[in-house]
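Scroll down for the structure; my scribbles are underneath it.
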Amino acid sequence: MEKRVLFKSTWLPWLLLAPQFCIITVFFFWPAGQALLQSFQLQDPFGLSTEWVGLDNFKALFSDSGYLESFKTTAVFSTLVATIGIGVSLMLAVLADRIIKGALFYRTLLIVPYAVAPAVAGVLWIFMFSPSLGIVSYWLAQSIGFQTDYLLNSNHAMGLIVSAAVWKQVSYNFLFFVAGLQSIPKSLIEAAAIDGAGPWKRFTSIQFPLLSPTTFFLLVINLVYAFFDTFAIIDATTHGGPGRDTSTLVYKVYYDGFKAMDLGGSAAQSVVLMVIVIALTVFQFRYVEKKVNYA
Amino acid sequence: MVERRPLLGLLVHLLLILGIVVVAFPVYLAFIASTHTAQEVAQTPMTLLPGSHFWETYKAALLGNGGGAGSNAPVGRMLWVSLVTALIIAFGKISISLLSAFAIVYFRFPFKGFFFWSIFITLMLPVEVRIGPTYQVVADLGMLNSFSGLTIPLIASATATFLFRQFFLTVPEEMLEAARMDGAGPMRFFWDILLPLSKTTIAALFVIQFIYGWNQYLWPLLATTSEDMYPVVIGIKRMIAGGEGGNEWNIVMATVILAMLPPTLVVVLMQRWFVKGLVDTEK
Numbered sequence: 060m061e062k063r064v065l066f067k068s069t070w071l072p073w074l075l076l077a078p079q080f081c082i083i084t085v086f087f088f089w090p091a092g093q094a095l096l097q098s099f100q101l102q103d104p105f106g107l108s109t110e111w112v113g114l115d116n117f118k119a120l121f122s123d124s125g126y127l128e129s130f131k132t133t134a135v136f137s138t139l140v141a142t143i144g145i146g147v148s149l150m151l152a153v154l155a156d157r158i159i160k161g162a163l164f165y166r167t168l169l170i171v172p173y174a175v176a177p178a179v180a181g182v183l184w185i186f187m188f189s190p191s192l193g194i195v196s197y198w199l200a201q202s203i204g205f206q207t208d209y210l211l212n213s214n215h216a217m218g219l220i221v222s223a224a225v226w227k228q229v230s231y232n233f234l235f236f237v238a239g240l241q242s243i244p245k246s247l248i249e250a251a252a253i254d255g256a257g258p259w260k261r262f263t264s265i266q267f268p269l270l271s272p273t274t275f276f277l278l279v280i281n282l283v284y285a286f287f288d289t290f291a292i293i294d295a296t297t298h299g300g301p302g303r304d305t306s307t308l309v310y311k312v313y314y315d316g317f318k319a320m321d322l323g324g325s326a327a328q329s330v331v332l333m334v335i336v337i338a339l340t341v342f343q344f345r346y347v348e349k350k351v352n353y354a
Numbered sequence: 038m039v040e041r042r043p044l045l046g047l048l049v050h051l052l053l054i055l056g057i058v059v060v061a062f063p064v065y066l067a068f069i070a071s072t073h074t075a076q077e078v079a080q081t082p083m084t085l086l087p088g089s090h091f092w093e094t095y096k097a098a099l100l101g102n103g104g105g106a107g108s109n110a111p112v113g114r115m116l117w118v119s120l121v122t123a124l125i126i127a128f129g130k131i132s133i134s135l136l137s138a139f140a141i142v143y144f145r146f147p148f149k150g151f152f153f154w155s156i157f158i159t160l161m162l163p164v165e166v167r168i169g170p171t172y173q174v175v176a177d178l179g180m181l182n183s184f185s186g187l188t189i190p191l192i193a194s195a196t197a198t199f200l201f202r203q204f205f206l207t208v209p210e211e212m213l214e215a216a217r218m219d220g221a222g223p224m225r226f227f228w229d230i231l232l233p234l235s236k237t238t239i240a241a242l243f244v245i246q247f248i249y250g251w252n253q254y255l256w257p258l259l260a261t262t263s264e265d266m267y268p269v270v271i272g273i274k275r276m277i278a279g280g281e282g283g284n285e286w287n288i289v290m291a292t293v294i295l296a297m298l299p300p301t302l303v304v305v306l307m308q309r310w311f312v313k314g315l316v317d318t319e320k
């Protein structure tokens, strides 16, 4: 789509583009290019010498059991965050869609977690689930005798970061589902009701199928969220532990690059991550946008 | 609602209230903890009723004279750093994107396609995947521990450009024709017609970008090493470095409340634009 009437000027468009272009060149293309370059190089920890090593960094990466392990961790973590987050918010949105009185009140309260920083959410979760003073761990221990310890038990640590990440993301998914539900024509629902379909039947045979574009879109967004934005939650709570059991791919890029000072390895990981994001984006554009569209 | 089912209606409200209680509980707990002394908070189970030490705790947090084992930097300063950072990111992104979207939509010039795609590509890669080299660039430019270092690398993405581009494409062509007939040049058209038309889009983007900027974590963690440049989110992280026992949890929780107050206010007060912005940015 293009405008028919356009301005002509030999210098103005360049001037208008200049600020953005300078910034993305220096802070986007240059670093991204460096990441690519470094992934084929080996640098000593003091940065004194650099050696061209071809694909060695990648070979080392994929033969490192720790890296493969973090792939698995990331897969488990993102799947849990995406499915639980989407499930819970879909339920809340369907409920909120049914009511007329107080809808704005519920919505206002439900969007608050969106404003909370992921790192802050992590701190809240430590406070609630700390084995020694957390009130929720106290309740769990008192009521069903369930002792939580996210510092020693990997499953508990995973549960902790998943629940914090889901809590953060519920508002986002909720708003999209509410918008999606509102765009379904009321006449469809009413026609179904006249034919005798109850609320559940209407949900499974009309609303849910018509929401599929929203759901698929949210699936991709939630996966990207679980991949990248949850770094802060992990760093504020488990530090990738116990052991490396909650160390996701992004956490490992940070840890290897800034704590273990393995620049080449970290850059190679960055490149792998870039490939994953690009694949997800392309998937979203090619597959999701085309195949799941009823509008 | 299609049919009247009072019982179902009641159940729906009950479930929603349950959902809200679960969602709001962590925030409530943080607030309660911030009104008690550190000793009271350390008792298990902690009481769930507000205490009487509200002013003391918040004063200690804001001025930084608590006695926790981690960092005790004054939160007042951190809030200022966060506010400036978030505002620079929001306004910076909006202004450079308005200009470049205007150039892309309303001008014909050589290599337009090339510029378009090179801006488009930045949408795909979040700062997290190129964190190491970005850090090196910023360090080489001597921008660590400064507002420019905290903000400019985060402005380098094109979400806003695309939103404005999409919006400009929906502006009727007659607007431009009429303006040209009245003798308005490009910049006159931009200021007097396009900008006023874009008000809601700008408001929507402002909410999204303000929160994005305020809540940044990984980047400020690397780009700031001196206490007086910590944004509040980093400040909280450094405060709990003392381990679970050594923290003054009441002060940490007061800081948590202070850190979430500005973005929450922005979201709640600008709710209408926020929802619009969220739905539009991801289209």
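So the sequence lines, in the order shown, correspond to chains U and G. Residue numbering for the first sequence follows the numbering used here, starting at 60 and increasing by one per position. Residue numbering for the second sequence follows the numbering used here, starting at 38 and increasing by one per position. We put the CB at the ideal spot given by N, CA and C, even for glycine. All values reported here derive from a predicted model rather than from experimental measurement.
Asked, Found
"Residue 76/G, enclosing alpha helix (DSSP H) - first and last residue", "75-79"
"Paired residues, beta bridge with residue 228/G - DSSP", "Note: residue 228/G sits in no beta bridge, so no partner."
"Contact with chain U by residue 286/G, beta-carbon distance below 8 Å", "yes"
"Whether residue 197/G touches residue 131/G by CB criterion (8 Å)", "yes"
"Contact residues within the segment 226-238 of chain G, judged by C-beta distance below 7 Å to chain U", "none"
"Closer than 7 Å at the beta carbon, the chain G residues around residue 187/U", "63 and 66"
"Nonlocal neighbours in the same chain, by C-beta distance under 7 Å from residue 100/U, ignoring five residues either side", "109, 110, 111, 112 and 323"
"For residue 70/U, the three-state DSSP class (helix, strand or coil)", "coil"
"Residue 132/U, buried or exposed, once every other Cβ within 10 Å from all chains shown has been counted against 16", "buried"
"With 16 other Cβ atoms within 10 Å as the buried cut-off, status of residue 220/G", "exposed"
"Between the CA atoms of residue 304/U and residue 129/G - distance to the nearest angstrom", "39 Å"
"Proximal chain U residues relative to residue 43/G, where beta-carbon distance stays under 7 Å", "Here the premise fails: no neighbours, minimum Cβ distance about 12 Å."
"Interface partners of residue 192/G on chain U, CB under 7 Å", "82"
"Contact set between the segment 153-177 of chain G and chain U, restricted to residues whose Cβ is under 9 Å from the partner", "155, 156, 158, 159, 160, 161, 162, 163, 164, 165, 166, 167, 168, 169, 170, 171, 172, 173, 174 and 175"
"C-alpha gap between residue 295/U and residue 125/G, whole angstroms", "26 Å"
"Opening and closing residue of the alpha helix (DSSP H) in which residue 188/G lies", "184-192"
"Closer than 8 Å to chain G by CB, residue 350/U", "Residue placement at residue 350/U is poorly supported in this model, since its pLDDT is 48, which falls under 50; the coordinates are not used for a value here."
"Cβ shell of residue 86/G (< 8 Å), same chain only, five flanking positions each side left out", "69"
"Cβ of residue 169/U within 8 Å of any chain G Cβ", "yes"
"Neighbour-count burial assignment, residue 177/G, 16 or more Cβ in a 10 Å radius", "exposed"
"Test: residue 78/U CB closer than 8 Å to a CB of chain G", "yes"
"Rounded C-alpha distance that separates residue 164/U from residue 63/G", "19 Å"
"Enclosing beta strand (DSSP E) for residue 102/U [first to last residue]", "100-102"
"Cβ pair residue 287/U, residue 165/G closer than 8 Å", "yes"
"Listed by chain order, chain U residues near residue 274/G by CB distance under 7 Å", "178 and 295"
"contact_flag[the segment 135-145 of chain U, the segment 224-240 of chain U] where n(CB pairs < 8 Å) is 3 or more", "yes"
"For residue 301/U, the nearest candidate out of 210/U, 273/U, 266/U and 239/U (CA to CA)", "210/U"
"Rounded distance between the beta-carbons of residue 269/G and residue 254/G, thought under 8 Å", "Contact doesn't hold; Cβ gap of about 11 Å is too wide."
"Check whether residue 182/U and residue 297/G have beta carbons under 8 Å apart", "no"
"Contact test: residue 153/U Cβ vs the ligand PLP heavy atom, cutoff 7 Å", "Summarising the ligand content, the structure contains no ligands, and the ligand PLP is consequently not present."
"Nearest-angstrom Cβ-Cβ length linking residue 316/G and residue 235/U, presumed shorter than 8 Å", "7 Å"
"Alpha-carbon spacing of residue 240/U relative to residue 251/U, whole angstroms", "15 Å"
"Same chain, Cβ closer than 6 Å to residue 340/U, five either side skipped, listed in chain order", "none"
"Three-way DSSP call (helix, strand, coil) for residue 62/G in this model", "helix"
"Where residue 260/G falls, given that 16 or more other Cβ within 10 Å makes a residue buried", "buried"
"Proximal residues, the segment 242-253 of chain G versus chain U, C-beta separation under 9 Å", "248, 251, 252 and 253"
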